[in-house]
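Right, one structure below, let's go through it.
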Amino acid sequence: MGDGARGTPLRFLKDLLAGPVLPAARGLLGCEISAGGVTVRITEVEAYAGTAGDPASHAHRGRTPRNAIMFGPAGFLYVYFTYGMHWCANVVTGVEGEASAVLLRAGQVVSGLDLAIARRRSTVERDLARGPARLCQALGIDGTAYGADLLAPDAPVRLRLPSTPVLESRIAAGPRVGVTGAHDLEWRFWIADDPTVSVYRRHVPRKRAQ
DNA sequence: CTGGCGATTTCCT
DNA sequence: GGAAATCGCCAGT
Numbered sequence: 002m003g004d005g006a007r008g009t010p011l012r013f014l015k016d017l018l019a020g021p022v023l024p025a026a027r028g029l030l031g032c033e034i035s036a037g038g039v040t041v042r043i044t045e046v047e048a049y050a051g052t053a054g055d056p057a058s059h060a061h062r063g064r065t066p067r068n069a070i071m072f073g074p075a076g077f078l079y080v081y082f083t084y085g086m087h088w089c090a091n092v093v094t095g096v097e098g099e100a101s102a103v104l105l106r107a108g109q110v111v112s113g114l115d116l117a118i119a120r121r122r123s124t125v126e127r128d129l130a131r132g133p134a135r136l137c138q139a140l141g142i143d144g145t146a147y148g149a150d151l152l153a154p155d156a157p158v159r160l161r162l163p164s165t166p167v168l169e170s171r172i173a174a175g176p177r178v179g180v181t182g183a184h185d186l187e188w189r190f191w192i193a194d195d196p197t198v199s200v201y202r203r204h205v206p207r208k209r210a211q
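Read the first sequence against this note's numbering and you will find it ends at 211, with the numbers running on by one and no gaps.
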């Protein structure tokens, strides 16, 4: 049974996610994520290296109840609550214990448009999943989806490869959004010229900052 | 178009 | 107690 999966799209996706986080992040572009009757084509992601010297990662200071799922195997969903009201979704990547993950920053709603519009205030189709919190809202993802197996057919949140892969030449890279430090790392990836990619805003400290 | 700011809860020091 | 991988609304250019 296990050998029967060799060479299949599922196996390809598993291997992609189990590998280094930067190729995994690039490979997630164009993939489709489905939840709550809505499917979104991923157009923008950010890589986080977990414990491997990335101060911006939630796992940088070690395992906590919130980030525990990141320390497990690849292909599971890490969702976190932030700014008092927003949920954001990550795909856990790499090997067990490494805690790397890819933040899903934006996408294009490709099915379940009515449901997505109902969950969001905006009726502007381009903005339905433009931003990590908006993407979760459009898909109806919240804390109950924490730890979902994205590759299981009966999971509440599912991930699948694109029907037509995104060409490497169409992938753009830049610094991560909202991250206080590590502006030199270009670990944000998006599909060039896609209108659903979120607008880049450099992180501005609210009060005094260094 | 750009930039500023309030909302509101959880997590961690 | 303070910051946080954000968003939507507001004002000014």
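Beta carbons are placed, not taken as given, at the ideal position from N, Cα and C, and that holds for glycine. As the structure is a computational prediction, the values presented were derived from the model and not from experiment.
Short of 7 angstroms in beta carbon distance, which residues of its chain neighbour residue i, apart from the five on each side in sequence? Order them along the chain.
i: Leu11; result: Leu152
i: Ala69; result: none
i: Gln211; result: For Gln211, the predicted model reports a pLDDT of 32, less than 50, meaning its position is unreliable and no value from the coordinates is stated.
i: His87; result: Ala134
i: Ala139; result: Val39, Val41, Val110, Ala117, Arg120, Arg121, Leu129 and Ala130
i: Asp150; result: Gly76, Phe77 and Ala156
i: His61; result: Thr52 and Asp55
i: Gly8; result: none
i: Ala6; result: Arg12
Find the nearest neighbour of residue i within the set the options, judged by alpha-carbon distance.
i: Gly76; options: Leu186, Asp16 and Asp143; result: Asp16
i: Gly144; options: Asp115, Pro166 and Leu78; result: Leu78
i: Arg42; options: Thr94, Arg159 and Arg189; result: Arg159
i: Leu23; options: Trp188, Val111 and Pro166; result: Trp188
i: Ser164; options: Leu18, Ile34, Ala26 and Gly20; result: Ile34
i: Leu186; options: Thr9, Gly8, Pro56 and Leu18; result: Pro56
i: Glu169; options: Ala19, Ala6 and Gly28; result: Gly28
i: Pro32; options: His184, Val200, Ala183 and Pro166; result: Note on identity: in this sequence residue 32 is Cys, with Pro being the wrong assignment. If we check each option's Cα against that of Cys32, Pro166 comes out closest.
i: Val200; options: Ala19, Thr83, Arg106 and Arg64; result: Arg106
i: Ala19; options: Tyr84, His184, Met71 and Thr65; result: Met71
Rounded C-beta distance between residue i and residue j? I'm assuming under 8 angstroms.
i: Trp191; j: Val198; result: 4 angstroms
i: Glu47; j: Arg127; result: With 8 angstroms as the limit, Glu47 and Arg127 do not qualify as a contact, their Cβ atoms being about 20 angstroms apart.
If I measure Cβ to Cβ from residue i and keep anything under 6 angstroms in the same chain, skipping five residues before and after, which residues do I get?
i: Ala214; result: The question about residue 214 has no answer, for the chain in this structure spans 2 to 211.
i: Ser101; result: Val22, Ala50, Gly51, Thr94 and Gly95
i: Asp195; result: Thr44
i: Ser83; result: As written in the sequence, residue 83 is Thr, which differs from the Ser given in the question. Excluding positions up to five away in sequence, the list is empty.
i: Gly64; result: Note on residue identity: the sequence assigns Arg, not Gly, to residue 64. Once the five neighbours on either side are set aside, the close Cβ partners of Arg64 are Phe72.
i: Arg202; result: none
i: Asp115; result: none
Is residue j closer than 8 angstroms to residue i when the C-beta atoms are compared?
i: Asp40; j: Gly113; result: Checking the sequence, you will find Thr at residue 40 rather than Asp. In this structure, Gly113 lies closer than 8 angstroms to Thr40 by Cβ.
i: Leu136; j: Gly108; result: yes
i: Val103; j: Val92; result: yes
i: Ala36; j: Gly141; result: yes
i: Leu1; j: Leu162; result: Here the chain comprises residues numbered 2 to 211, so residue 1 is not present and cannot be evaluated.
i: Gly132; j: Glu97; result: no
i: Ala26; j: Glu99; result: no
i: Ala1; j: Pro154; result: What is shown of the chain runs 2 to 211, which leaves residue 1 out entirely.
Excluding the five sequence neighbours on either side, which residues of its own chain have a C-beta within less than 8 angstroms of the C-beta of residue i, listed in chain order?
i: Arg1; result: One cannot answer for residue 1 here, as it falls past the ends of the chain, which runs 2 to 211.
i: Thr124; result: Ile118
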